[in-house]
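In terms of the numbering used here, the sequence shown is residues 5 to 361. Where is the CB? At the ideal position from N, CA and C, for every residue including glycine. Note that the coordinates shown come from a computational prediction; the quantities given were computed from them, not determined experimentally.
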Amino acid sequence: MPPPPQFQQFTFDNTLGAALIGFSVSTLVFGVVLTQAWTYYTRFSSDSRWYRILVAVVILLESVDQAFIAHFVYHYLVSEVGHPEAVFLGTTTWSIIMQQALGSVVGTIVKCVFATRVYRFSERNIWITGTILLFSLGGLGVAFSFTVRAFQLGTLPEVFQLQTLVNTSLALSTCTDFITAAALCVYLRRLRTGHKDADSLVRTLVRDAINTGSVTSAVSLTTVLLFNFLPKNFIFASTYFLLSKLYAVSLLATLNSRRVVRGRGTDKNGGSTDYPARSQIHVMTRSLQDDTETNIFHLGTRVVPSMYDPDMSSPQTQWQYAYPSPVADFKPGFPPPSAASPSSSLYPSPPPRFQAV
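Spelled out as structure tokens, the structure:
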């Protein structure tokens, strides 16, 4: 049955066909998410409880998100197979509306986690971190507004009239990704020391930050353009189906790349930290009782540009190792922290090439 006259621009190819293609591709990306999660739990089984719970929550939300997409496609392609006019005149199925809201929740969680990363790299710069959080939560609020309004409307063509809310939500998402990537690049580049090995590590982290932000920003921007220039079809939905899963992949890839980037980590097979000879980079290891890493993703060991970390002033802090200082006979203006050598195997003695200060 052809669409009613007022919906002549709708065809099954660019509506249900586009949705089916989007569902198929999102299923493939969901498989990547599950693979990354499996890698994380097998490689980093001794990671902090907070990270393990975070990954579990993201995987659970992504599973429900994929189920919503499957229900949406099944409803129109199978349940309504004899009533194709349901696409144009029937009540909007609840699953596609809830999928939009759930995808926004996943994206916001990942953005907030990366905001904490910016906060630590920027030495607790509340302005840039606050901007990222404001944009992230603002986008989530707009997405929830869209959800409420969409349930109040009847058909899909009517839902498509909510262009302002859709554009605002996706624009805030794009801006958040861009600001996060730019901030990480700026603050990571400040860790450069002028030495080849150290700067190579910094360049790797900068490249990862750019890749993380550029992919999600590109998909968000593509969705905005498709929704505005091709509003009479579901092509924009096929790209939106991928967005939350790309956020999940970026989070899991960042967690899993810690061992790859540094050649060491906090995973099950690498509980004792390997200290490579990073010329004149000061390496500090926090002796936390309930955590095997510091609170920045790539850092089971933290690369810092100074001899002293003010966060490490407590009596149980800790060990500070320095591979010789670039300043001859340098003596810091503070007494070195005194602490008994930890007995746990998580805190091994430093190799001979490092000198305890």
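query                                                                                                     : result
Per-residue DSSP class, three states only, for residue 196                                                : coil
The region 121-130 touching the region 176-194, judged by at least three CB pairs closer than 8 angstroms : yes
For residue 161, three-class secondary structure by DSSP                                                  : helix
Where residue 193 falls, given that 16 or more other Cβ within 10 Å makes a residue buried                : exposed
Option nearest residue 191 by Cα separation, candidates 133, 167, 117                                     : 133
Distance between residue 171 and residue 116 (C-alpha atoms, nearest Å)                                   : 21 angstroms
Inter-residue CB distance, residue 141 and residue 112 (contact presumed, cutoff 8 angstroms)             : 7 angstroms
C-beta atoms of residue 19 and residue 95 nearer than 8 angstroms                                         : no
Residue closest to residue 221, alpha-carbon to alpha-carbon, out of 173, 166, 162, 103                   : 173
Nearest neighbour of residue 44, chosen from 31, 29, 62, 28 [CA to CA]                                    : 62
Distance between residue 26 and residue 65 (C-alpha atoms, nearest Å)                                     : 18 angstroms
For residue 166, the three-state DSSP class (helix, strand or coil)                                       : coil
Nearest neighbour of residue 101, chosen from 152, 60, 24 [CA to CA]                                      : 152
Option nearest residue 37 by Cα separation, candidates 75, 60, 243                                        : 60
Alpha-carbon to alpha-carbon, residue 181 and residue 219                                                 : 9 angstroms
Where residue 18 falls: helix, strand or coil (DSSP)                                                      : helix
Distance, residue 162 Cα to residue 260 Cα                                                                : 43 angstroms
Cβ contact check for the region 200-211 and the region 233-248: 3 or more pairs under 8 angstroms         : no
Rounded straight-line distance, which links the Cα of residue 39 to that of residue 76                    : 25 angstroms
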